[in-house]
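Participant: Counting from 22, one number per residue, gives the positions in the sequence shown under the numbering used here.
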Amino acid sequence: MSNSGDLFGYSDQIRPSLFALSRQAGQSTWIISKRQLPQDLPPAHSMGFTCDGVRLLIAGHDRRIYIVDLEGLKLLHTFILCRGEHDKKGSLGDPPITKMFTSFDGQWLAAINCFGDIYIFNLEIQRQHWFISRLDGASVTAGGFPPQDNNILIITTSSNQFYIFDVEARQLGEWSMQHTFTLPKRYQEFPGEVIGLSFCPSSSSHPTKSSSLVVYSARAMCSIDFGKPVDEDDESELVNGALLKFQGSLTNMKWKHWLRESHKSRKYNFDLVVFRDPVLFIGHLSKHSILIIDKPWMEVVKSFDSAPLQRHIFGT
């Protein structure tokens, strides 16, 4: 879905499709209309929109990325995935692209395959800019470009490492070179696999001092501020909130307290909060507001009329 919410797309095994949402003034009913995409587009493994919503990005099953102009509904360009300077044709045997992230200014596209290889494209000059081979042998679980700096790409892997890249310079960012392999123990023991991240909105003009984000798994979330030092663990406190398990529902008071404290200048970075129920999604609504969608699984289990139909049997 586009950032404005008025366009959404999907793909089946035959071809991708694009739809527009509209509503007349004074009416509550939404109208869904189909928009005709260019012919001969292959089915997609992944689809996305640029942040301004004027281009549609389609990662086809043929291992090519198609850029479609949404105003004229014309094919602008086709990217071929290349692993090096001498690889000009790509290969149908390459793993499919499953994730795509674009910078807020619309210049950069990061396309990531299911094994964790990263292809960086410059959308302005329509050329591949960089190829990053899979990191620490792990797949990429989440990523994005922070709104404060369009040249910075942040990704997390299935081993719960995260990396900051200077895309324009084609190198690992300074923060990652200093801290990636010396992260606090509390983060190294992060519960569950990181499945997403959300950037904190900021009006600061100095991205290195304002960039902060929340990374989350189904079991916990961690607030990271790149403008603060990476502190050693304090065993007596073990992170502000690391052992804070919500015994009840996620009340407004608890979240307001956490958000307020997370934006104060404190001694610690990498603040960890452990959830009671599995979390499906976390996203910033504003600098001081976060949307959390969880799945109260135990409440679902309690609603069953009888015991679950499937139960794991241990032993013989």
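By construction, the Cβ of each residue, glycine as well, lies at the ideal position given by its N, Cα and C atoms. Note that the coordinates shown come from a computational prediction; the quantities given were computed from them, not determined experimentally.
1. Look at the Cβ atom of F125, then the Cβ atom of A131, and state whether they are nearer than 7 Å.
2. Give me the DSSP bridge partner(s) of I185.
3. Just verifying my parser: in three-state terms, what is the DSSP assignment at M307?
4. When we look at the beta-carbon of R191 and count the other beta-carbons within 10 Å, is it buried (16 or more) or exposed?
5. For P116, which residues from the same chain have a beta carbon less than 6 Å from its beta carbon, with the 5 sequence-adjacent residues on both sides left out?
6. Are there 16 or more other CB atoms within 10 angstroms of the CB of H309, so buried, or fewer, so exposed?
7. Compute the Euclidean distance between the alpha carbons of N171 and T178, then round it to the nearest angstrom.
8. Q147 lies in the alpha helix (DSSP H); which residues open and close that run?
9. To which residues does DSSP link H98 through a beta bridge?
10. So, helix, strand or coil for K120, using DSSP?
11. Just reading off the beta strand (DSSP E) that V235 is part of, what are its end residues?
12. For D292, which beta-bridge partners are listed by DSSP?
13. Between which two residues does the beta strand (DSSP E) containing M68 stretch?
14. For S38, report the span of its beta strand (DSSP E) as first-last.
15. Report the rounded CA-to-CA distance for Y140 versus T162, giving the unit in angstroms.
16. Starting from V322, follow the beta strand (DSSP E) in both directions and report where the run begins and ends.
17. Evaluate I176 with the Cβ neighbour count: other Cβ atoms within 10 Å of its Cβ, from every protein chain shown; 16 or more gives buried, anything less gives exposed.
18. Using the Cα positions of L293 and P212, report the straight-line distance between them to the nearest angstrom.
19. What are the boundary residues of the alpha helix (DSSP H) that includes W51?
20. Report the option in F142, G248, K95 whose CA atom is closest to the CA atom of R56.
21. Given this structure, state the Cα-to-Cα distance separating P222 from Q199, to the nearest angstrom.
22. Do you know whose CA, among G194, W129, E195, G304, lies nearest I216's CA?
23. Measuring straight from C-alpha to C-alpha, what distance separates G158 and N181?
24. What residues in its chain sit with their C-beta under 8 Å from that of W51, if we drop five residues either side in the sequence?
Facilitator: Based on what the coordinates show:
1. Indexing the sequence shown from 1 puts residue 125 at position 104. Indexing the sequence shown from 1 puts residue 131 at position 110. No, these two residues do not count as a Cβ contact at 7 Å.
2. Here residue 185 refers to the residue found at position 164 when the sequence shown is read from its first residue. When DSSP reads this structure, I185 sits in a beta bridge with I175.
3. Numbered from 1 along the sequence shown, position 286 holds the residue referred to as residue 307. Before going on, a small fix: residue 307 reads as Ser here, not Met. Note: S307 maps to strand in three-state DSSP.
4. As a first step, residue 191 is located in the sequence shown; it is residue number 170 there, counting from the start. Label assigned to R191: exposed.
5. Here residue 116 refers to the residue found at position 95 of the sequence shown. If we look at P116 and ignore the five residues flanking it on each side, its Cβ neighbours are N134, C135, F136.
6. In the sequence shown, the residue the question calls residue 309 occupies position 288. Looking at its Cβ environment, which holds fewer than 16 other Cβ atoms inside 10 Å, H309 is exposed.
7. Your numbering for residue 171 matches position 150 in the sequence shown. Your numbering for residue 178 matches position 157 in the sequence shown. Rounded to the nearest angstrom, the two C-alpha atoms are 21 Å apart.
8. Position 126 of the sequence shown holds residue 147. No alpha helix (DSSP H) contains Q147, which DSSP labels as neither H nor E.
9. On the sequence shown, position 77 is the one that residue 98 refers to. I88, per the DSSP bridge assignment.
10. Within the sequence shown, the letter at position 99 stands for residue 120. In the structure shown, K120 sits in a strand (DSSP, three-state: E or B).
11. Start at 1 with the first residue of the sequence shown, and residue 235 comes out as number 214. 233-237 is the extent of the beta strand (DSSP E) around V235.
12. For the purposes of this step, residue 292 is identified with residue 271 of the sequence shown, where counting begins at 1. S244.
13. Sequence index remark: in the sequence shown, residue 68 carries index 47 (1-based). Looking at the DSSP string, the run of the beta strand (DSSP E) that includes M68 is 65-70.
14. Residue 38 sits at position 17 when you count from the first residue of the sequence shown. Segment 37-43, the beta strand (DSSP E) holding S38.
15. Translated into the one-based positions of the sequence shown, residue 140 becomes position 119. Translated into the one-based positions of the sequence shown, residue 162 becomes position 141. When rounded, the distance between both Cα atoms is 15 Å.
16. Taking the sequence shown and counting its residues from 1, the one referred to as residue 322 is at position 301. Careful: V322 lies outside any beta strand (DSSP E), inside the alpha helix (DSSP H) at 318-323.
17. As a working mapping, residue 176 is identified with position 155 in the sequence shown. That one is buried.
18. The residue you call residue 293 lines up with position 272 of the sequence shown. The residue you call residue 212 lines up with position 191 of the sequence shown. If you take the alpha carbons of L293 and P212, they lie about 10 Å apart.
19. Along the sequence shown, one-based indexing puts residue 51 at 30. Taken as a continuous stretch (DSSP letters only), W51 belongs to no alpha helix (DSSP H), as it is neither H nor E.
20. Against the sequence shown, residue 56 aligns to sequence position 35. For the residues F142, G248, K95, the minimum Cα distance to R56 belongs to K95.
21. Against the sequence shown, residue 222 aligns to sequence position 201. Against the sequence shown, residue 199 aligns to sequence position 178. Approximately 25 Å, taken between the alpha carbons.
22. Reading the sequence shown from its first residue, position 195 is the one you call residue 216. Restricting attention to G194, W129, E195, G304, the CA atom closest to the CA of I216 is found in G304.
23. Stepping through the sequence shown from its first residue, residue 158 is reached at position 137. Stepping through the sequence shown from its first residue, residue 181 is reached at position 160. So the two alpha carbons sit approximately 12 Å from each other.
24. Walking along the sequence shown from the start, residue 51 turns up at place 30. Here the set comprises L42, S43, R44.
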